[in-house]
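Report on the structure given below.
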Amino acid sequence: MTTLILAEHDNAALLGATARAVLAALEIGAPIHVLVAGHNATGIAQSAAKLEGVEKVLLIDHESLAHGAPEPVSEAVVAVAAAYSHLGAPATTYGKSIMPRVAALLGVMQVSEITKVLSAHSFERPVYAGAAIETVEATADKIVFTVRASAFDAVGEGGSAPVETVEFTPTMRTSRFVGRESAGGGGPDLASAKIVVSGGRALGSAEQFNAIIQPLAEKLGAAIGASRAAVDAGYAPNDWQVGQTGKVVAPDLYIAVGISGAIQHLAGMKNSKVIVAIDKDPDAPIFAVADYGLVADIFEAVPELTKAL
Amino acid sequence: MKILVPVKRVLDANVAVRVKPDGTGVDLTNLRMSMNPFDEIAVEEAARLKEAGIVQTVTAVSIGPAQATDTLRAALAMGADDAILVKADGPVEPLAVAKILKALVETHQPDLVIMGKQAIDGDSGQVAQMLSALLGWPQATFASKVEMNGSIVRVTREVDGGLETIEMDLPAVISTDLRLNNPRRASLPSVMQAKKKPLEEIDAASLGVALEPTLRIASTLPPPGRKPGSRVESVSELIDKLKNEARVI
Ligand SMILES: Cc1cc2nc3c(=O)[nH]c(=O)nc-3n(C[C@H](O)[C@H](O)[C@H](O)COP(=O)(O)OP(=O)(O)OC[C@H]3O[C@@H](n4cnc5c(N)ncnc54)[C@H](O)[C@@H]3O)c2cc1C
Chain A
30 MTTLILAEHD
40 NAALLGATAR
50 AVLAALEIGA
60 PIHVLVAGHN
70 ATGIAQSAAK
80 LEGVEKVLLI
90 DHESLAHGAP
100 EPVSEAVVAV
110 AAAYSHLGAP
120 ATTYGKSIMP
130 RVAALLGVMQ
140 VSEITKVLSA
150 HSFERPVYAG
160 AAIETVEATA
170 DKIVFTVRAS
180 AFDAVGEGGS
190 APVETVEFTP
200 TMRTSRFVGR
210 ESAGGGGPDL
220 ASAKIVVSGG
230 RALGSAEQFN
240 AIIQPLAEKL
250 GAAIGASRAA
260 VDAGYAPNDW
270 QVGQTGKVVA
280 PDLYIAVGIS
290 GAIQHLAGMK
300 NSKVIVAIDK
310 DPDAPIFAVA
320 DYGLVADIFE
330 AVPELTKAL
Chain B
34 MKILVPVKRV
44 LDANVAVRVK
54 PDGTGVDLTN
64 LRMSMNPFDE
74 IAVEEAARLK
84 EAGIVQTVTA
94 VSIGPAQATD
104 TLRAALAMGA
114 DDAILVKADG
124 PVEPLAVAKI
134 LKALVETHQP
144 DLVIMGKQAI
154 DGDSGQVAQM
164 LSALLGWPQA
174 TFASKVEMNG
184 SIVRVTREVD
194 GGLETIEMDL
204 PAVISTDLRL
214 NNPRRASLPS
224 VMQAKKKPLE
234 EIDAASLGVA
244 LEPTLRIAST
254 LPPPGRKPGS
264 RVESVSELID
274 KLKNEARVI
């Protein structure tokens with residue numbers, strides 16, 4: 030048995046979700062190799078080689094892989110798959126786009142977004158927006174999985190694995206990269222931040238979202254999140270959405286500001302260590318998961334909180 | 034041009050999920066079932082491309098029990114031209130769904146498959162990518178904008194860190210994200226009309242795809258509960274609790 034983890038990167042740096050997927054792989058109990066598929070990605074392979082628990086890094090460097098197009102990247106994974114019993118990636122938009130392709134090309138199912146490793150063949154994963162937890166047993170000779178990064182800590186960086194280059198030529202028809210618009214913000218990364226402040230529909234406008242949420246987040250060194258309603262209304266960019274169909278976070282402290290707590294939102298934050306809810310409706314479902322609930326008008330309470338910190 | 038839109042019948046998003054006490058699954062008896070919300074977005078997008086004159090035929094397909102006919106009628110009412118029910122009782126895994134869809138693509142030859150990025154029951158998020166891989170067609174997951182330009186489609190995708198734009202040559206597979214469009218509510222006349230639109234039924238077995246699940250669901254249990262929290266009366270009490278009780282700031 031050996032596990033291959035596909036590294037998540039933006040062709041400039043290795044991204045944090047990789048170290049969390051490696052921790053999940055450690056719990057499987059087999060030796061771990063990491064695959065870096067990119068272009069001019071030697072530096073990324075060197076970063077991956079430092080991850081503790083990694084025995085070898087495979088580097089596939091090809092211009093078709095420069096923007097992480099899922100068609101050639103999945104082909105690259107399949108090209109080295111013969112040597113592995115387990116193939117996984119973080120369940121980010123990158124991993125989610127690639128791994129089901131790998132599974133289909135290998136003729137097996139994927140076990141999506143595992144939150145716990147029970148054994149080399151048995152995993153827990155949430156379904157129905159986290160309203161139920163399934164224990165899934167996979168018996169195929171190849172197990173393809175994605176890892177919910179928020180459910181695992183990151184491994185450290187004390188390792189020094191060898192890097193091996195693998196030749197690769199893509200053959201599949203592929204999508205073509207045109208451009209990327211980053212959400213900006215510049216604050217801490219939502220997926221790995223220790224504190225998250227999220228705003229909901231109650232903010233009422235993009236201006237008020239910025240005026241109320243941003244100063245509090247800055248004071249706390251927090252990342253900013255949002256409910257779907259806030260994103261749909263244009264108060265916040267799409268990649269701030271927390272929930273069943275957005276990002277799943279589990280920070281030490283999650284502060285929900287004017288968010289009612291629909292199950293689809295709870296799915297993305299209810300495993301946070303400490304949850305604070307500020308909402309004027311005492312019956313809002315968010316209070317059912319909040320460790321500390323404050324029934325108040327956010328336009329008064331939040332500026333007061335920011336000032337007092 | 035032709036579009037194939039797969040739709041799934043799922044527990045309605047507004048219905049509270051009840052996990053069966055014996056751990057065998059989620060109780061669906063007598064609960065409201067609806068079209069998976071992401072699939073509604075896919076049907077809406079296909080209907081709009083048809084209304085814009087870019088697409089001639091929109092075919093909806095559902096794999097599931099006889100009641101999935103309701104889901105297909107809903108798609109027809111939203112603007113699909115015809116529908117196919119692939120009859121299968123019991124759960125069908127994403128890989129089998131992708132194989133069934135591949136067989137239908139081969140017989141119906143659509144230029145584009147538009148489908149939801151995930152079904153809100155299993156939350157697996159696999160079928161579009163699997164179908165694209167099996168067909169050897171390019172894919173665009175998590176679409177928030179679709180622009181057709183002859184035989185090229187340009188898609189804006191919701192990705193971690195922002196938005197990405199890609200182009201694909203047709204034929205191709207697209208999966209929809211929430212902000213692609215706001216699906217219409219079908220009008221009463223279109224609901225009536227939908228009853229007369231063609232709906233073909235075929236047996237999943239006739240497509241030669243094995244339906245037995247390959248993953249074993251050993252148990253389905255409610256998530257561990259959180260311990261009950263408390264109300265604070267003021268901002269200063271909140272700060273005190275966060276500093277001295279929870280010690281998170
Ligand atoms: C398929 C599907 C997927 C979804 N995915 C997601 C997802 O990933 N993430 C997500 O968040 N949602 C998701 N949703 C949407 C979800 O169901 C809710 O509609 C959404 O979370 C509501 O956002 P909200 O809490 O900001 O708005 P609302 O539910 O409108 O809540 C606003 C809250 O603000 C309070 N309020 C208003 N004014 C004030 C004030 N001045 N002071 C204090 N409080 C105030 C109100 O009392 C209320 O509790 C999804 C839905 C579907 C169907």
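Note that the protein sequences, when read in sequence, are chains A and B. Each number in my numbering corresponds to the 1-based position in the first sequence with 29 added. Each number in my numbering corresponds to the 1-based position in the second sequence with 33 added. We treat Cβ as the ideally placed atom computed from N, Cα and C, and that holds for glycine.
In this structure, how does DSSP classify residue i when only helix, strand and coil are distinguished?
i: residue 153 of chain B; result: coil
i: residue 174 of chain A; result: strand
i: residue 270 of chain A; result: strand
i: residue 204 of chain B; result: coil
i: residue 143 of chain B; result: coil
i: residue 321 of chain A; result: strand
i: residue 172 of chain B; result: strand
i: residue 51 of chain B; result: coil
i: residue 123 of chain A; result: helix
i: residue 114 of chain B; result: coil
i: residue 163 of chain B; result: helix
i: residue 225 of chain B; result: helix
i: residue 256 of chain A; result: coil
i: residue 150 of chain A; result: coil
i: residue 294 of chain A; result: helix
i: residue 155 of chain A; result: strand
i: residue 243 of chain A; result: helix
Any C-beta of chain B sitting closer than 7 Å to the C-beta of residue i?
i: residue 205 of chain A; result: yes
i: residue 201 of chain A; result: yes
i: residue 129 of chain A; result: yes
i: residue 209 of chain A; result: yes
i: residue 339 of chain A; result: Because chain A in this structure spans residues 30 to 338, residue 339 of chain A falls outside the shown range and cannot be described.
i: residue 254 of chain A; result: no
i: residue 92 of chain A; result: no
i: residue 297 of chain A; result: no
i: residue 159 of chain A; result: yes
i: residue 134 of chain A; result: yes
i: residue 322 of chain A; result: yes
i: residue 243 of chain A; result: no
i: residue 309 of chain A; result: no
i: residue 125 of chain A; result: yes
When you compare the CB of residue i with every CB in chain A, is at least one pair closer than 7 Å?
i: residue 39 of chain B; result: no
i: residue 181 of chain B; result: no
i: residue 135 of chain B; result: no
i: residue 252 of chain B; result: yes
i: residue 174 of chain B; result: yes
i: residue 274 of chain B; result: yes
i: residue 279 of chain B; result: yes
i: residue 198 of chain B; result: yes
i: residue 239 of chain B; result: no
i: residue 159 of chain B; result: yes
i: residue 139 of chain B; result: no
i: residue 193 of chain B; result: yes
i: residue 166 of chain B; result: yes
Look at the alpha carbon of residue i and the alpha carbon of residue j, and state the distance between them as a whole number of angstroms.
i: residue 34 of chain B; j: residue 88 of chain B; result: 5 Å
i: residue 75 of chain B; j: residue 265 of chain B; result: 44 Å
i: residue 250 of chain B; j: residue 149 of chain A; result: 15 Å
i: residue 31 of chain A; j: residue 115 of chain A; result: 6 Å
i: residue 104 of chain B; j: residue 315 of chain A; result: 32 Å
i: residue 326 of chain A; j: residue 309 of chain A; result: 5 Å
i: residue 106 of chain A; j: residue 125 of chain B; result: 26 Å
i: residue 129 of chain B; j: residue 238 of chain B; result: 11 Å
i: residue 192 of chain A; j: residue 156 of chain A; result: 37 Å
i: residue 296 of chain A; j: residue 80 of chain A; result: 29 Å
i: residue 256 of chain B; j: residue 279 of chain A; result: 15 Å
i: residue 154 of chain A; j: residue 86 of chain B; result: 43 Å
i: residue 88 of chain A; j: residue 120 of chain A; result: 21 Å
i: residue 161 of chain A; j: residue 145 of chain A; result: 14 Å
i: residue 285 of chain A; j: residue 140 of chain B; result: 50 Å
i: residue 72 of chain A; j: residue 43 of chain A; result: 9 Å
i: residue 219 of chain B; j: residue 81 of chain B; result: 13 Å
Compare the C-beta of residue i against all C-beta atoms of chain C and say whether one is closer than 7 Å.
i: residue 162 of chain A; result: Going by chain labels, chain C is absent from the structure shown, which instead holds the protein chains A and B.
Does the structure place the stretch 128-147 of chain B close enough to the stretch 203-220 of chain B that three or more beta carbon pairs sit under 8 Å?
yes
Mind the definition here: the stretch 118-126 of chain B touches the stretch 88-102 of chain B only if three or more C-beta pairs lie below 8 Å; say whether that holds.
yes
Evaluate the contact criterion for the stretch 178-197 of chain A versus the stretch 159-178 of chain B: three or more CB pairs, one atom per stretch, below 8 Å.
no
So, do the stretch 39-48 of chain B and the stretch 149-159 of chain B have three or more beta carbon pairs nearer to each other than 8 Å?
yes
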